[in-house]
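The structure appears below as structure tokens.
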Amino acid sequence: MNPVLEVRGLRVVFDGFAALDGVDLTVAEGELRFLIGPNGAGKTTLIDVITGLTRPAAGSVRFDGVELVGLREHRVVRLGVGRTFQTAAVFEELSVVDNLDLAAGFRLPLRSLLRRRRGISDEVAAALETAGLTALADRPAGVLSHGQRQWLEIGMLLVQRPRLLLLDEPVAGMSRDERERTGGLLERIARTHTVVVVEHDMEFLRRYAREVTVLHQGRVLREGSVAEVQDDPRVREVYLGR
Ligand code: ADP
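For the sequence shown, my numbering begins at 6 and goes up steadily by one.
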């Protein structure tokens, strides 16, 4: 498989403290990769560097062979890298479908987006279906549950047609039922996209993760299947044994 994402020698320093200290990461096309590690390991910082939010002191991030370090966030998005944040950012007064339209239609004037629409695009309909929000299409986003908001945010990413999705703790704060639905959603998305998921929840990992990368103190401690990672005594010590 072709590598879509190639991170090499990434170093990020905050006030003399190395949040990332020589991180290498390769993600192949079509992978569903989980990124785990204790608090402060550098997971969010890694996503911030890939998406152009944080500039590294050293290292490179290649997406499809294109160097991302030095590019602004909107350029990275345009190249096909989408991310979610731990707190979903949706427009509360707008309906679910208008939120998706807005995300899909940067090219359209706002007025035409907010006007009553005759129908919805195939793309938005597909995102509603994938995110499991078809029945809620006309509800204002402000009334959605925490889980539904997360799905809407993922839907808003999908309509922007990213090739690589970076999801930061998508099941944090979700009920068991919402976690399961999110797992199903990830599996559906991973059929057509490369996905990197930051996640803490071990039960969720056992169920849905294939390849796992463990970060600890700004370095990659271990990579492998969930079983391999779980059996590694160093991982147990820093992460699982806590
Ligand atoms: P994780 O996502 O694995 O919990 P983070 O990437 O958020 O870890 O943080 C890694 C380390 O970098 C932590 O020690 C954190 O305090 C520090 N850090 C993250 N962002 C900043 C920042 N903007 N300024 C200073 N320190 C930061």
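C-beta: ideal position from N, C-alpha, C; glycine also.
Small disclaimer: the values here were computed from a predicted structure and weren't measured.
Under 8 angstroms between C-beta atoms of residue i and residue j
{"i": "L3", "j": "V240", "result": "For residue 3 there is no data in the structure shown, the boundaries of the chain being 6 and 247."}
{"i": "V231", "j": "A214", "result": "yes"}
{"i": "G57", "j": "R83", "result": "no"}
{"i": "V54", "j": "L15", "result": "yes"}
{"i": "V164", "j": "A132", "result": "yes"}
{"i": "T199", "j": "V9", "result": "yes"}
{"i": "L172", "j": "V203", "result": "yes"}
{"i": "L107", "j": "F90", "result": "no"}
{"i": "G178", "j": "H151", "result": "yes"}
{"i": "R144", "j": "V101", "result": "yes"}
{"i": "G35", "j": "L105", "result": "no"}
Contact test: residue i Cβ vs the ligand GDP heavy atom, cutoff 7 angstroms
{"i": "A214", "result": "Annotation note on the ligand GDP: not contained in the displayed structure, which lists the ligand ADP as its ligands."}
Beta strand (DSSP E) segment containing residue i, residue limits
{"i": "E216", "result": "E216 to H221"}
{"i": "T199", "result": "T199 to V203"}
{"i": "F68", "result": "A63 to F68"}
{"i": "E228", "result": "R224 to S230"}
{"i": "L73", "result": "It is not in any beta strand (DSSP E) - L73 carries neither H nor E in the DSSP assignment."}
{"i": "D173", "result": "L169 to D173"}
Of the residues the options, the one placed nearest residue i, counting alpha carbons only
{"i": "Y244", "options": "R211, S230, A214 and M207", "result": "M207"}
{"i": "E174", "options": "A33, T199 and L210", "result": "L210"}
{"i": "T294", "options": "L51, P43, N44 and I194", "result": "Absent from the model: residue 294. The displayed extent of the chain is 6 to 247, so no value can be given."}
{"i": "E185", "options": "R166, W156 and M161", "result": "W156"}
{"i": "G21", "options": "Q153, T89, P61 and I125", "result": "P61"}
{"i": "V66", "options": "I41, V28, G35 and V217", "result": "V28"}
{"i": "G147", "options": "N7, P167, T89 and D103", "result": "D103"}
{"i": "L37", "options": "E158, F68 and R193", "result": "R193"}
{"i": "G85", "options": "L162, T135 and N7", "result": "L162"}
{"i": "F19", "options": "R166, A140 and G223", "result": "G223"}
{"i": "N7", "options": "E242, R154, H205 and F68", "result": "F68"}
{"i": "E242", "options": "A130, L191 and G42", "result": "G42"}
{"i": "V74", "options": "R88, T59 and E134", "result": "T59"}
Residue i - partner residues in DSSP beta bridges
{"i": "R239", "result": "According to DSSP, which records beta bridges pairwise, R239 is partnered with nothing at all."}
{"i": "A33", "result": "P8"}
Residue burial classification, residue i (beta-carbon count within 10 angstroms, cutoff 16)
{"i": "A94", "result": "exposed"}
{"i": "R121", "result": "Here the model assigns R121 a pLDDT of 49, short of 50, so the residue's position is not dependable and the matter cannot be decided."}
{"i": "D127", "result": "exposed"}
{"i": "R112", "result": "The predicted model places R112 with a pLDDT of 44, which falls under 50 and marks its position as unreliable, so this point remains unresolved."}
{"i": "A46", "result": "buried"}
{"i": "F39", "result": "buried"}
{"i": "P238", "result": "exposed"}
{"i": "A24", "result": "buried"}
{"i": "L49", "result": "Per the sequence shown, residue 49 should be read as Thr rather than Leu. T49 is buried by the Cβ-count criterion."}
{"i": "R181", "result": "exposed"}
Where the alpha helix (DSSP H) through residue i begins and ends
{"i": "G188", "result": "R181 to A195"}
{"i": "L84", "result": "E78 to L84"}
{"i": "I52", "result": "K48 to I55"}
{"i": "T135", "result": "D127 to T135"}
{"i": "V95", "result": "No alpha helix (DSSP H) holds V95; DSSP gives it neither H nor E."}
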